[in-house]
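Notes to accompany the following structure.
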Amino acid sequence: MIFSFSATADFDFMTYFARHIGATVNGNLLVIPEHLGQGHIRKLTFGPDFKITIHQYILREDLVIKRNTSGQGNDLITVFFYTNEQPLGIAYNDDPSIQFSERDDSAIQVTSNDLSSTIRFPANHSIHYMVVAIKPPYLASLLATNKLNSTLQTITGSGNSFLYLERMNAETKLLLKNLGTIDMQDNLSHFYMQIKVQELLYLIFHKLSMRENVPHQNINNGDAARLLHIRDEILKDLSVPPVLRELAQIAAMSETKLKQLFKQAFGSTIYNYYQQARMEEAAFLLKQGNHSVAEVGYEMGFSNLSHFSRLFEKHYGLSPKKFSYS
1 MIFSFSATAD FDFMTYFARH IGATVNGNLL VIPEHLGQGH IRKLTFGPDF
51 KITIHQYILR EDLVIKRNTS GQGNDLITVF FYTNEQPLGI AYNDDPSIQF
101 SERDDSAIQV TSNDLSSTIR FPANHSIHYM VVAIKPPYLA SLLATNKLNS
151 TLQTITGSGN SFLYLERMNA ETKLLLKNLG TIDMQDNLSH FYMQIKVQEL
201 LYLIFHKLSM RENVPHQNIN NGDAARLLHI RDEILKDLSV PPVLRELAQI
251 AAMSETKLKQ LFKQAFGSTI YNYYQQARME EAAFLLKQGN HSVAEVGYEM
301 GFSNLSHFSR LFEKHYGLSP KKFSYS
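Counting with the UniProt record's numbering, you get residues 1 to 326 for the letters of the sequence shown.
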């Protein structure tokens with residue numbers, strides 16, 4: 001099933017999706033018809049400039065959602081939260097081959113609505129994600145400070161095209177999970193949801209506020225697609241350090257442009273991103289209990305296990321051996 005729409009500021013996803021699948025919206029709730037699967041989509045509006053859509057369902061067939069550029073510039077900010085419970089194909093071109101996996105925490109995306117995207121949700125898997133749509137001036141009023149770093153200035157400004165990705169930490173995952181369990185029959189549930197969603201926004205924008213102040217470069221769909229492809233290349237084999245020259249050739253960018261756009265989107269240099277992913281994979285393998293410290297070190301490409309232990313302890317505050325028993 002393919003659902004395509006244009007990301008204008010006034011677009012109501014739930015209403016048009018209901019028409020697409022032949023379902024009925026009751027209030028702010030769309031229940032998935034039984035012949036298509038089970039679950040629901042819920043929309044909450046906190047004013048004309050701030051709304052959320054929560055998706056919780058299992059479908060009998062793949063769902064492809066194509067968001068087309070609005071053609072109106074950056075008049076809406078979209079914040080996409082995915083819980084990583086199942087693999088998710090997402091791309092900024094027509095081939096969503098890049099996937100978030102259960103060990104990849106880059107599951108929060110902040111984008112301008114002048115970027116198109118394609119998301120593929122696999123059939124017969126539990127889908128749980130939330131989309132926040134908020135207008136730049138309203139977000140600026142929520143942040144309520146004139147001391148914004150360059151990243152937040154870009155997001156709350158006008159005419160900027162951007163894609164920022166952040167890891168989803170345990171606090172954010174727990175908050176998202178709790179949002180899905182709130183009793184919406186409670187008379188004050190709408191008020192409570194607004195507070196919790198603002199807390200969620202605080203967590204992501206606080207992290208973005210810590211990024212280095214650098215001049216912003218506008219990004220287009222081609223750039224966004226290439227950056228996700230480069231990330232996939234980095235994560236494909238964590239035993240081999242990335243080579244900038246080779247990545248730049250794959251991306252069809254200059255080395256300078258690739259370095260700048262990658263750091264802008266991911267908040268980290270290519271090598272630091274690789275090292276972080278490397279340590280996270282090592283931690284995952286150690287926690288499985290099926291690998292010794294030496295096996296994990298060698299699998300991650302370390303010929304010197306002492307170096308592996310020092311680097312791991314720098315990231316996690318524990319040696320690999322102690323971490324595996326913690």
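Quick reminder that beta carbons are idealized off the backbone N, C-alpha and C, glycines included.
Minimum Cα-Cα distance from L200 among the listed residues M168, K287, T269, L235 corresponds to M168. Beta-bridge annotation (DSSP): K43 is paired with T53. Beyond the five residues adjoining it in sequence on each side, M279 comes within less than 8 Å, by CB distance, of L311, F312, H315, Y316 in the same chain, given in chain order.
A distance below 8 Å between beta-carbons, with the five flanking residues on each side excluded, links K196 to the following residues of its chain, in chain order: L175, N178, L179, I182. Annotated three-state conformation of R167 is coil, per DSSP. F17 and P136 have their C-alpha atoms roughly 25 Å apart.
Apart from the 5 residues on each side of it in sequence, V296 sits with its Cβ closer than 6 Å to the Cβ of A282, L285, L286 in its chain, given in chain order.
The C-alpha of A252 is placed about 41 Å away from the C-alpha of S324.
For I54, the CB contacts under 6 Å within the same chain, skipping 5 residues up- and downstream, are R42, M130 in chain order. Counting only runs of 4 or more residues that sit fully inside the UniProt domain "HTH araC/xylS-type" (228-326), the alpha helix (DSSP H) segments are 244-251, 255-266, 270-288, 293-299, 305-316, 320-325, in chain order. Assigned with DSSP and collapsed to three states, T145 falls in coil, not helix or strand.
Secondary structure note for A18: its alpha helix (DSSP H) is the uninterrupted segment 13-21. Under the 8 Å Cβ criterion, the stretch 142-155 counts as touching the stretch 205-218, having at least three qualifying pairs.
Secondary structure note for I155: its alpha helix (DSSP H) is the uninterrupted segment 150-156. Apart from the 5 residues on each side of it in sequence, L29 sits with its Cβ closer than 7 Å to the Cβ of H40, R42 in its chain, given in chain order.
Ranked by Cα distance from F121, the first of L63, E166, D75, I134 is L63.
Under a 10 Å Cβ-count criterion, K51 is classified as buried, with 16 or more other Cβ atoms of the shown protein chains found around its own Cβ. By the neighbour-count definition (other C-beta atoms within 10 Å, threshold 16), G159 is an exposed residue. Collapsing the DSSP output to three states places I195 in a helix. M130: member of the beta strand (DSSP E) spanning 127-134, first to last residue.
For the pair A265 and Q217, the Cα-to-Cα distance works out to about 10 Å. Distance from the CA of Q56 to the CA of V31, rounded to the nearest whole angstrom, comes to 10 Å.
Distance from the CA atom of Q276 to the CA atom of D186, rounded to whole angstroms, is 42 Å. Residue environment: R245 is assigned as exposed (fewer than 16 neighbouring CB atoms within 10 Å of its CB, all protein chains considered).
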